[in-house]
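Before any comments, here is the structure.
Protein chains: 2
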Amino acid sequence: MADLKFSYENLKKFCVDIFCKFGFEEKQSEIITDVLLLSDLYGIDSHGTQRLLRYYKHLQTGLIKADAKAETVFETPISAVIDAKEGMGQLVSYDAMNLAIEKAEKSGIGMVTVKNSNHYGIAGYYAKMACDKGLIGISVTNTEAIMVPTFARKAMLGSNPIAVAMPADPYPFFFDASTSVVTRGKLELYKKLEKEMPDCWGLDADGKVNTNAPHVLDCIAAHKGGGILPLGGAYEKTGSHKGYGYGMLCEIFSSILSQGLTSDKTYSDGKALICHGFIAINPNLFGDPDAIKAHFSSFLQDLRNAPKADGCDRIYTHGEKEIIAMEDRLANGIAININTVKEMKGCAEGFGMNFSDYFGNIADNI
Amino acid sequence: MADLKFSYENLKKFCVDIFCKFGFEEKQSEIITDVLLLSDLYGIDSHGTQRLLRYYKHLQTGLIKADAKAETVFETPISAVIDAKEGMGQLVSYDAMNLAIEKAEKSGIGMVTVKNSNHYGIAGYYAKMACDKGLIGISVTNTEAIMVPTFARKAMLGSNPIAVAMPADPYPFFFDASTSVVTRGKLELYKKLEKEMPDCWGLDADGKVNTNAPHVLDCIAAHKGGGILPLGGAYEKTGSHKGYGYGMLCEIFSSILSQGLTSDKTYSDGKALICHGFIAINPNLFGDPDAIKAHFSSFLQDLRNAPKADGCDRIYTHGEKEIIAMEDRLANGIAININTVKEMKGCAEGFGMNFSDYFGNIADNI
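As structure tokens, then:
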């Protein structure tokens, strides 16, 4: 019995209530919940309710300050820099992207960078916020250093995701990916499965390619060198310097332009202090938004219709798999790992909440 | 005797004169020459004088129209769309990036897309133009379809480079890379060397991974399917969908926002009609440009100083290799392949130019 299935509605009610118990106002809890559950709906299980307890721990240790009041420290009609004051990443990011959207609706573009923040969930959530308003949305964040630059043996960049969303029919383009070849969660999965990793994923403490997930994870945990490779692996001939380059672009639009901490200096002295970047672009800067959307939708359909490789029956455009996952999970429930359920239940009981009020007797026997 | 060395100054004088013979005005010839020779100086030999004859052929067949007058078809204070009217890619791109720079200097950002254009040389040239003015420069272009999306067997995207340059000391950050794992030139090199390709580079006509460069090149030439893989190779586990995604970002900022032709529809009926995108961002949108530059420079130095992988003695930041190549080539000359020299000489003589007026007797015996 590895997973239990919960309905989206029940999970939402539970998460909103428990984030209130963690010290957030109801409106704030709703925002945080919305970010986490979009991740669960989209099939990005690593960034959903699975993280609930981790956020709680970070609130307890003071890494995240629930009562932080973010401050806009620099602003122009099309840009801003926000100091998150060590608050919850989702909250400052929600406000930052809304500010970018407001600027884009008024002036064509809005670019907002954020410093001194915490983990903000999936990058794509904020790109989607802009996309839902008919804009192109871009969202990036740096993270704890985990990615080793080409020819190095120490992690200097984060998983540094870049997310871009743009309106299209029948569903938007939604691209959300780390610039490292994979994230740490994938190594943890391979460890669990006792599976050998592809030789473009990890480096050991000497900077040598290593396909043993537990070993690479140990190297990362011990901060003794090693880590995850950029997209493109370890060698220039496989494009390592390109993934490293995309990681740098993420760093430029998060930590550099906000003058915050670069990935290699975050998560130190009990503070995360990571940085984000948000851009909203109004397609009306380039012509009729409906015509642009139709042009884009037609190209996406051409991609789906292109001849398939032997053994493949479908070509996906970015965001399609997320839509498929969401439709399934809204209809059939969201599967949550039993250990995560135990954590959620234990945490709820600690706050005097009755788990069965939310989920019935589904978790009675765990 | 595979290469001959020429001085930058002599090559420059020659190229300016020969582009005048091709039908361009002197100022135009200087711009085209500057783009080509930066490529040679930076060590990107595939995009320099090596291409001279190809441009000439494209002018002869009418693919490129030397007398085209590009037209701005849409404009706002921070954006524009230009119709290149099938003119020389370098010329419309030079003007387009200058327009983006002008807007960025006045309003913080300039974003210019171009449609109905031709090959524009290295993407990085235009990113560098903005960087030379203290701005962040971004340049993208779509190309003839050469990249096969994940799970497909037909090329639908171009090599779709993304270039980004940003001021830093002692030299700028300069990232210029195709979003395909390699470009066609790399396959041609492997064919020449009779070397087996890595298994993340090419697909055959059935969409199966193939490591034989001549075979994959034949598939591409015959338009019977197959092509070059995205950065990340053929499989999702190695990040194929990510390279495909970056290729899509390039397409969005070139062909989609300009409403021009996507890569899969270019180079048809004797017309190229490719699209470019140029963005200049003023760092003063985020604070003091000098402070941002210092912050960035310090991070780049930290990257260079990071512990090296076993067997590696240097970590490069993006643009460093280009600076090293340029210093060498300015001091010691630019090596040009003997076949390219023959082409240049033959072409010059066809126009009644005396090759030795430019290069002395260096090419007398070829």
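So the sequence lines, in the order shown, correspond to chains S and U. First residue of the first sequence: 0, per numbering that gives the first Met the number 0; consecutive thereafter. First residue of the second sequence: 0, per numbering that gives the first Met the number 0; consecutive thereafter. The beta-carbon is built from N, C-alpha and C at its ideal position, and this holds for glycine as well. If you're wondering where the values come from, they're calculated on a predicted model, not measured in any experiment.
Mind listing the chain U neighbours of residue i? Cutoff is C-beta to C-beta under 8 angstroms, in chain order.
| i | result |
| --- | --- |
| isoleucine 314/S | Pro148, Thr149, Phe150 and Ala151 |
| lysine 207/S | Ala308 and Asp309 |
| histidine 294/S | Ile255 and Gln258 |
| glycine 109/S | Within chain U, no residue comes near glycine 109/S; the closest Cβ sits about 10 angstroms away, beyond 8 angstroms. |
| threonine 261/S | Phe298 and Asp301 |
| phenylalanine 174/S | Gly244, Met247 and Leu248 |
For a test of the three-state rule: what should DSSP assign to residue i, helix, strand or coil?
| i | result |
| --- | --- |
| leucine 202/S | strand |
| valine 163/S | strand |
| lysine 307/S | strand |
| asparagine 117/S | coil |
| lysine 270/U | strand |
| threonine 140/S | strand |
| lysine 223/U | coil |
| asparagine 281/U | coil |
| isoleucine 291/U | helix |
| lysine 20/S | helix |
| proline 229/U | strand |
| isoleucine 255/U | helix |
| serine 179/S | strand |
| leucine 134/U | coil |
| valine 147/U | coil |
| alanine 154/U | coil |
To which residues of the same chain is residue i closer than 8 angstroms at the C-beta, ignoring the five residues directly before and after it?
| i | result |
| --- | --- |
| cysteine 424/S | Look at the range of chain S in this structure, 0 to 365, and you will see that residue 424/S is not part of it. |
| alanine 330/U | none |
Assuming residue i is part of the beta strand (DSSP E), what are its boundary residues?
| i | result |
| --- | --- |
| alanine 79/U | 78-82 |
| threonine 60/U | Per DSSP, threonine 60/U belongs to no beta strand (DSSP E); it is in the alpha helix (DSSP H), 51-60. |
| alanine 126/U | Run containing alanine 126/U: none in the beta strand (DSSP E); it sits in the alpha helix (DSSP H), 122-130. |
| alanine 330/U | Looking at the DSSP string, alanine 330/U is not in any beta strand (DSSP E); the run it does join, the alpha helix (DSSP H), is 319-331. |
| glutamate 74/S | 70-75 |
Starting from residue i, follow the alpha helix (DSSP H) in both directions and report where the run begins and ends.
| i | result |
| --- | --- |
| leucine 98/U | 88-106 |
| lysine 4/S | Segment 2-5 is the beta strand (DSSP E) holding lysine 4/S; no alpha helix (DSSP H) there. |
| glutamate 342/S | 337-349 |
| valine 34/S | 25-40 |
| phenylalanine 354/S | 354-358 |
| glutamate 250/U | 239-250 |
For residue i, which residues in chain S fall below 8 angstroms Cβ to Cβ?
| i | result |
| --- | --- |
| tyrosine 245/U | Tyr245 |
| isoleucine 291/U | Ile255, Leu256 and Gln258 |
| leucine 302/U | Pro148, Ala151 and Met155 |
| glycine 136/U | The contacting residues do not exist; glycine 136/U stays about 12 angstroms from chain S at best. |
| leucine 230/U | Leu230, Gly231, Gly238, Lys241 and Gly242 |
What number of angstroms, rounded off, separates the C-alpha of residue i from the C-alpha of residue j?
| i | j | result |
| --- | --- | --- |
| aspartate 309/S | alanine 83/U | 39 angstroms |
| alanine 164/U | cysteine 274/U | 20 angstroms |
| aspartate 12/S | tyrosine 357/S | In the sequence under discussion, the amino acid at residue 12/S is lysine, which differs from the aspartate named in the question. Their backbone Cα atoms lie some 7 angstroms apart in a straight line. |
| aspartate 168/S | phenylalanine 295/S | 8 angstroms |
| serine 254/U | valine 111/S | 26 angstroms |
| phenylalanine 150/S | lysine 307/U | 6 angstroms |
| serine 257/U | alanine 103/S | 19 angstroms |
| glutamine 300/S | glutamate 319/S | 11 angstroms |
| serine 138/U | isoleucine 145/U | 19 angstroms |
| threonine 265/S | lysine 292/S | 39 angstroms |
| valine 34/S | serine 355/S | 24 angstroms |
| alanine 279/S | isoleucine 135/S | 6 angstroms |
| lysine 241/U | aspartate 363/U | 50 angstroms |
| aspartate 175/U | phenylalanine 21/S | 46 angstroms |
Along chain A, which residues have their Cβ under 7 angstroms away from the Cβ of residue i?
| i | result |
| --- | --- |
| cysteine 199/U | Reference to chain A is not applicable here, since the protein chains of this structure are S and U. |
What does a CB cutoff of less than 7 angstroms around residue i pick up in its chain, not counting 5 residues either side in sequence?
| i | result |
| --- | --- |
| isoleucine 322/U | Tyr170 |
| alanine 67/S | Ala83, Lys84, Glu85 and Gly86 |
| serine 28/U | Val15, Phe18 and Cys19 |
| lysine 223/S | Ala204 |
Looking only at its chain, what residues have a beta carbon closer than 6 angstroms to the beta carbon of residue i, apart from the 5 residues adjacent to it on each side?
| i | result |
| --- | --- |
| histidine 118/U | Gly88 |
| serine 92/S | Tyr119, Tyr125 and His275 |
| alanine 233/U | Val208 and Ser239 |
| glutamate 342/U | Leu52 |
| methionine 96/S | Tyr125, Met128 and Phe277 |
Taking C-beta pairs closer than 9 angstroms, name the residues in chain U that residue i reaches, listed in chain order.
| i | result |
| --- | --- |
| phenylalanine 73/S | Leu284, Phe285 and Gly286 |
| histidine 317/S | His240, Tyr243, Gly244 and Met247 |
| alanine 67/S | Those within 9 angstroms of alanine 67/S in chain U number zero; the least Cβ separation is about 21 angstroms. |
Residue i versus chain S: which residues are under 9 angstroms apart at the beta carbon?
| i | result |
| --- | --- |
| aspartate 368/U | There is no way to answer for residue 368/U, as the model of chain U reaches only from 0 to 365. |
| alanine 83/U | Correct list: empty, because the minimum Cβ distance to chain S is about 15 angstroms. |
Could you work out which residues of chain S lie near residue i, taking near to mean beta carbons separated by less than 7 angstroms?
| i | result |
| --- | --- |
| serine 78/U | Gly107, Leu284 and Phe285 |
| threonine 112/U | Phe285 |
Residue i touches chain U at which residues, Cβ-Cβ below 7 angstroms?
| i | result |
| --- | --- |
| methionine 368/S | What is shown of chain S runs 0 to 365, which leaves residue 368/S out entirely. |
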